[in-house]
Amino acid sequence: MNGRDQYRKTAPESEENVQMISFSIGSERFGVPILVVQEIIMMSTITEIPNSPDFVEGVINLRGNIIPVIDLRKRLRLRGYAKEVSATPKPGTRILVVEIEGNVTGFIVDSVAKVITIPASRIAPPPDIIVAGVQSLYISGVVHLDQGILVILDFRRILSMEERDALEGVARAVPQAVESITR
Numbered sequence: 009m010n011g012r013d014q015y016r017k018t019a020p021e022s023e024e025n026v027q028m029i030s031f032s033i034g035s036e037r038f039g040v041p042i043l044v045v046q047e048i049i050m051m052s053t054i055t056e057i058p059n060s061p062d063f064v065e066g067v068i069n070l071r072g073n074i075i076p077v078i079d080l081r082k083r084l085r086l087r088g089y090a091k092e093v094s095a096t097p098k099p100g101t102r103i104l105v106v107e108i109e110g111n112v113t114g115f116i117v118d119s120v121a122k123v124i125t126i127p128a129s130r131i132a133p134p135p136d137i138i139v140a141g142v143q144s145l146y147i148s149g150v151v152h153l154d155q156g157i158l159v160i161l162d163f164r165r166i167l168s169m170e171e172r173d174a175l176e177g178v179a180r181a182v183p184q185a186v187e188s189i190t191r
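The numbering used here puts the first residue of the sequence shown at 9, with every later residue one more than the last.
See below:
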């Protein structure tokens, strides 16, 4: 299934347009279907998880729900991902709260631009090469816009099933650990 088919499948049959949330990491522009994103929040205090992969920043408490937070720049290994990141996030830094097959995860991005409407016919399938420094495995499509290329990410593929299960287990374990400490 190519990128165009994926978005036609998620949109009602009568729809010919796809709504995307556009966001940036560094100088690269990305998009994600609006239906995948539960909400966009400002950067908040993240509790680190010992011995976690470098791209896992930790967990946050989002209205009583503990969710894992991934640094998307590190996960995608974008330019500059290995540089020491300032402990103080930039003013535009946001967390995209995304539901992936029942698991809620936060993804740190540099900024969120806006919701854009794209004709499904303009979405090209992912190329076989690396685009914007991202492996094609993580890309569901690309769109040529007036402002440049928008790379549409497939958040279902950014984390493997094993990684999602492990993060969900950590998110469930954190409240239990806190509860046992406070007893």
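We put the beta carbon where it would ideally sit given N, CA and C, even for glycine.
Only a predicted model underlies this, so the values are computations on that prediction, with no experimental measurement involved.
Endpoints, the alpha helix (DSSP H) within which residue i is located
i	result
Phe163	Phe163 to Ile166
Arg81	Leu80 to Leu84
Enclosing beta strand (DSSP E) for residue i [first to last residue]
i	result
Leu153	Ile147 to Leu153
Leu70	Val64 to Leu70
Lys122	Ser119 to Pro127
Glu107	Arg102 to Ile108
Arg37	Glu36 to Pro41
Ser30	Asn25 to Ile33
Met50	Val45 to Met50
Contacting residues, own chain, Cβ-Cβ under 7 Å from residue i (five flanking each side not counted)
i	result
Asp62	Lys82
Asn25	Thr125, Ile126, Pro127 and Ala128
Tyr146	Leu84, Leu161, Asp162, Arg165 and Ile166
Ile57	Val64, Gly66, Val67 and Val178
Ile137	Ser144
Ser52	Ile68
Cut-off 6 Å between Cβ atoms - residues of its own chain near residue i, not counting five sequence neighbours on either side
i	result
Glu107	Gln46
Between the CA atoms of residue j and residue i - distance to the nearest angstrom
i	j	result
Met50	Ile33	15 Å
Arg102	Asp79	11 Å
Glu176	Ala121	29 Å
Leu153	Phe38	12 Å
Phe115	Val105	6 Å
Asp162	Val40	7 Å
Ile42	Gln27	6 Å
Ala174	Pro76	10 Å
For residue j and residue i, believed in contact at Cβ under 8 Å, the rounded distance
i	j	result
Arg172	Asn111	5 Å
Arg180	Val151	So it is not a contact: roughly 37 Å between Cβ atoms.
Phe31	Val117	5 Å
Residues of its chain near residue i, where Cβ-Cβ distance is below 8 Å and the 5 sequence neighbours each way are ignored
i	result
Ile48	Ile29, Arg102, Ile103, Leu104, Val105 and Val120
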